[in-house]
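A.B. asks: Here it is, the structure in full.
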Amino acid sequence: MSDLQSMADRVEIEALRGEFTDAGMMRDYDRFASLFAPDAVWRIPGVDVEFVGRDQIRAGIERLQEGLWEYLVQTTHPGIIHLEGNTASGRAYVLTLGRTRDGGSHLNYSAYHDRYRRTPDGWRFTERVDEIKYLDTTPLTGAPPTVPA
């Protein structure tokens, strides 16, 4: 693989990780699910869930966003990427904060442990596992801004 191809692959994988965060925050569930290979697995051990395949991933993100979160803010920070031809693995680091619909607060720093595959539609997740490194459930003092009518 050429150095240019390696650089292009890294940029595309980093963009994929950014798309994940954007699609989730924008509640674009179809786009979110499309970022995964058809046979992908998304695991969130902190809330004891595992979704297998795009249909489950799509239903799962909607259920989590609409049923669990009043609001959620997430930022993704670059990690490592190991390229292996048409597959790759890596980690991305994530800050998540929000308020749950039951009034609980949530702030965490996580590492996503990822596996990727090159597809005709570009790089896609084949596995994404969220490992919480730090968790704080102290009540958040802020809130989303109100929009004037």
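Position 88, counted from 1, in the sequence shown is what the working numbering calls 74; the numbers after and before it change by one each time, with no gaps. The beta carbon of each residue, even a glycine, is placed where N, CA and C say it ideally should be. Predicted model only: the values in this text are computed from it and were never measured.
(1) Using a 10 Å radius around the Cβ and a threshold of 16 neighbouring Cβ atoms, would you call S(-8) buried or exposed?
(2) Run the CB neighbour count on R101, radius 10 Å, all protein chains shown included, and call it buried at 16 or more, exposed below.
(3) Give me the residue from H68, P130, G108, W55 with the minimum Cα distance to A23.
(4) First and last residue of the alpha helix (DSSP H) that includes D16?
(5) If you measure between the beta carbons of Y15 and I47, is that distance less than 8 Å?
(6) Taking DSSP as the reference, what is the three-state secondary structure of V33?
(7) Please state whether DSSP places D122 in a helix, a strand or coil.
(8) Sorted by chain position, which residues of the same chain lie with C-beta nearer than 8 Å to F18's C-beta, five sequence neighbours on each side aside?
C.D. replies: So, from the listed chains and residues:
(1) As a first step, residue -8 must be located in the sequence shown, where it is residue number 6. Exposed, because fewer than 16 other Cβ atoms sit within 10 Å of the Cβ of S(-8).
(2) To locate residue 101, count along the sequence shown from 1; it is residue 115. Counting the other Cβ atoms within 10 Å of the Cβ of R101 gives 16 or more, which makes it buried.
(3) The sequence position of residue 23 within the sequence shown is 37, counting from 1. Closest by alpha carbon: G108.
(4) The residue given as residue 16 occupies position 30 in the sequence shown. Element bounds for D16: 15 to 20.
(5) Translated into positions along the sequence shown, residue 15 becomes position 29. Translated into positions along the sequence shown, residue 47 becomes position 61. In this structure, I47 lies closer than 8 Å to Y15 by Cβ.
(6) Taking the first residue of the sequence shown as 1, we reach residue 33 at position 47. V33 sits in a helix when the DSSP states are folded into three classes.
(7) For the purposes of this step, residue 122 is identified with residue 136 of the sequence shown, where counting begins at 1. Note: D122 maps to strand in three-state DSSP.
(8) Position 32 of the sequence shown, counting from 1, holds the residue named residue 18. Spatial neighbours of F18 in its own chain (CB-CB distance under 8 Å, excluding positions within 5 residues in sequence) are listed in chain order as F6, A9, G10, I43, R44, I47.
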